[in-house]
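Protein chains: 2
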Amino acid sequence: MIKSKDGLPYSKEAAILEAAEREFLSKGFAGARTVSIAKAAGVNHAMLHYYFRTKEHLFERILDEKMRIMGESVLTAFGQPGLPLTERIRDGIERHFDFIAANPDLPRFIVNEVFSCPERYGAMQRRVALIAHRLIYDLQQELDTAAKGGDVVEALDVRMLILDIISLNIFPFVAYPIIESVFGYSPDDRERFFMQRKQENVETILRRIKKL
Amino acid sequence: MIKSKDGLPYSKEAAILEAAEREFLSKGFAGARTVSIAKAAGVNHAMLHYYFRTKEHLFERILDEKMRIMGESVLTAFGQPGLPLTERIRDGIERHFDFIAANPDLPRFIVNEVFSCPERYGAMQRRVALIAHRLIYDLQQELDTAAKGGDVVEALDVRMLILDIISLNIFPFVAYPIIESVFGYSPDDRERFFMQRKQENVETILRRIKKL
DNA sequence: CTTTTATTTAACAATTATGTTAACACAAAC
DNA sequence: GTTTGTGTTAACATAATTGTTAAATAAAAG
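Right, here's the structure in full:
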């Protein structure tokens, strides 16, 4: 049942999922209201319980999806072999930055919900750890080889490097409402700020790995 | 009325404030329950309304205080003149890092509450912006002078530099529950991780400003 | 066409949270 | 000792929120 009777391209179930995503992303689990979700989706609030039984069910559906996407974003950003190391890293930073720019609310949402209920994260955790370990292993090998060749500084821990990158990429989006006043309020200011930010992050990381 | 009848060093009002801080910091405004706060403070839940009228009042009391502290932490960290520029920055990074290490929940709390209710931030915003502008102006001058002398790279925007620093310092604490699996679960692992992290951030920033 | 299944709605039930009030206790001030 | 102000409690009121159900409607299957 993908189409409803009036021919719209998605069912009410999908409409609820979309509305729930917006509500949960902006207000978190505790702040979200099932009636608001129902209203935004244009359905009676009983529908929500009909399709998903409970608020928790609906929420987990959203959270799981978002954690998966967020994890993948890191893997796909840096999992592009075939480029020279420096280019691979530059490319990874930019891909990851673009992903966050397109999904600026995701990190705050995930961080919060995992923090406020770590057991929700349990299942996902092992899966992510496994995939992450492979990426880390690959990149570490490449870094070590490049270090032997004198192209980059020695003794880099790739886990720390990736954490540098995601910190620099994510935090400005998370903190933007607070730091806005320092960089200007107009939409133009905002765009300029994030363009500049992307370059800043690339520069910072390339300097970090450079052999001096 | 600072002492209660049983001679404890703080009144029930203060006990409520402490309990409220823990509750709000860990669950946010929406997730916090006034009865939980009252129970944790060891008072009847009517007391809470007697002293603070509403949950919102109590919350604002906490949020204002926390925003003030958070803002000050940046200013005091970097507002130490008299040191050579590089040392001043290293010192600032370490001070700021130590502050976050001592208050790891603060950034997530503030970012969330400001995001979910920006109007709460309005009053504070202008005040912070003003103080920030002076710090920024001072540091920018010093950076420009150092650049002319050939000690650091030219054309650094100090706002971006400070944002680099607070991103690197704050994000690892915020994301720790998620990335824990990559760095190990034991308390020892945790401590080792954050010690390493502090050095990583100093290294990254000093390389960022270095004249190559 | 009839039966069955899926979808939708309105009304209601139960629980939980916040906020109020009136009575009570206790100490200090007069 | 009475009054006054502060602190404290239990019980209640109100509103919001989640979840249920039974009946109505539409769609699909036979």
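These protein sequences, in sequence, are chains A and B.
Using my numbering, the first residue of the first sequence is number 1, and each one after it goes up by one.
Using my numbering, the first residue of the second sequence is number 213, and each one after it goes up by one.
C-beta atoms are modelled at their ideal positions from N, C-alpha and C, and glycine is treated no differently.
With a cutoff of 9 Å on beta-carbon distance, A:Ile-16 and A:Leu-58 are scored as near each other. With 16 or more other Cβ atoms from the protein chains shown falling within 10 Å of its own Cβ, A:Ser-167 counts as buried. Under a 10 Å Cβ-count criterion, B:Met-372 is classified as buried, with 16 or more other Cβ atoms of the shown protein chains found around its own Cβ. For the region 294–350 of chain B, the continuous alpha helix (DSSP H) assignments of 4+ residues that do not extend past its boundaries occur at 297–314, 318–328, in sequence order. The region 339–412 of chain B contains no complete beta strand (DSSP E) run of 3 or more residues. Interface with chain A (9 Å Cβ-Cβ cutoff): B:Thr-416 is included. Interface residue (Cβ-Cβ distance to chain A less than 9 Å): B:Gln-353 is not classified as such. When only Cα atoms are considered, A:Ser-11 and B:Glu-272 end up about 42 Å apart. By the CB criterion at 9 Å, B:Leu-418 and B:Arg-302 fall inside the cutoff. Taking a Cβ-Cβ cut-off of 8 Å, the neighbours of A:Lys-27 in chain B comprise Ala-242, Ser-328, given in sequence order. Counting other Cβ atoms within 10 Å of its Cβ, B:Val-247 stays below 16 and is therefore classed as exposed. If only complete runs of 4 or more residues are kept, the region 225–309 of chain B shows the alpha helix (DSSP H) at 246–253, 257–264, 267–290, in order along the chain. B:Glu-306 and A:Ala-38 have their C-alpha atoms some 48 Å from each other. Nearest neighbour of A:Tyr-185 by Cα position, chosen from B:Asp-400, B:Gln-337, B:Phe-385, B:Thr-416, turns out to be B:Gln-337.
Distance from the Cα of A:Phe-194 is smallest, within the candidate group A:Asp-151, A:Met-70, A:Phe-24, A:Ala-102, for A:Ala-102.
Residue pairing by DSSP places A:Lys-210 opposite A:Val-152 in a beta bridge.
Counting C-beta atoms within 10 angstroms of its own C-beta, B:Leu-318 has 16 or more neighbours from the protein chains shown and is therefore classed as buried. Within the region 105–133 of chain A, the residues whose Cβ lies closer than 9 Å to some Cβ of chain B are Asp-105, Pro-107, Arg-108, Ile-110, Val-111, Asn-112, Val-114, Phe-115, Ser-116, Pro-118, Tyr-121, Gln-125, Arg-126, Val-128, Ala-129, Ala-132, His-133, listed in chain order. Under the 9 Å criterion on CB atoms, A:Glu-154 is classed as non-interfacial with respect to chain B. For a Cβ distance threshold of 7 Å, residue set Val-111 of chain A lies close to B:Ala-387, ordered along the chain. Using a Cβ distance threshold of 9 Å, B:Ala-358 and B:Ala-367 do not count as a contacting pair. Per the coordinates, the alpha-carbon of B:Ile-382 lies some 16 Å from the alpha-carbon of A:Asn-201.
Listed along chain A, the residues sitting closer than 9 Å to B:Pro-384 by beta-carbon distance are Leu-163, Ser-167. By the C-beta criterion, the region 383–394 of chain B is judged not to be in contact with the region 278–289 of chain B, since fewer than 3 inter-stretch pairs fall below 8 Å.
Interface criterion not met: the Cβ of A:Glu-94 is under 9 Å from no Cβ in chain B. Closer than 9 Å to the CB of A:Ile-62 there is not a single CB belonging to chain B.
In terms of beta-carbon proximity, A:Val-35 stays away from the interface with chain B, with every pair separated by 9 Å or more. If you ignore the 5 residues before and after B:Leu-295, its C-beta comes within less than 7 Å of the C-beta of Asp-303, all in its own chain and listed in chain order. 9 Å or more divides the Cβ of B:Phe-321 from the Cβ of B:Leu-260. For B:Val-364, the closest C-alpha among the options B:Ala-344, B:Phe-241, B:Thr-298, B:Phe-264 is that of B:Thr-298. Against chain A, the CB of B:Met-407 has no partner CB under 9 Å away; the residue lies outside that interface. A direct Cα-to-Cα measurement between A:Val-128 and A:Phe-115 gives close to 17 Å. Around the CB of B:Thr-266, fewer than 16 other CB atoms lie within 10 Å, so the residue is classed as exposed. Ranking A:Thr-204, A:Ile-136, A:Asp-189 by CA distance to the CA of B:Phe-395 puts A:Ile-136 first.
A:Tyr-50 counts as exposed, since fewer than 16 other beta carbons sit within 10 angstroms of its beta carbon. Around the CB of A:Asn-112, 16 or more other CB atoms lie within 10 Å, so the residue is classed as buried.
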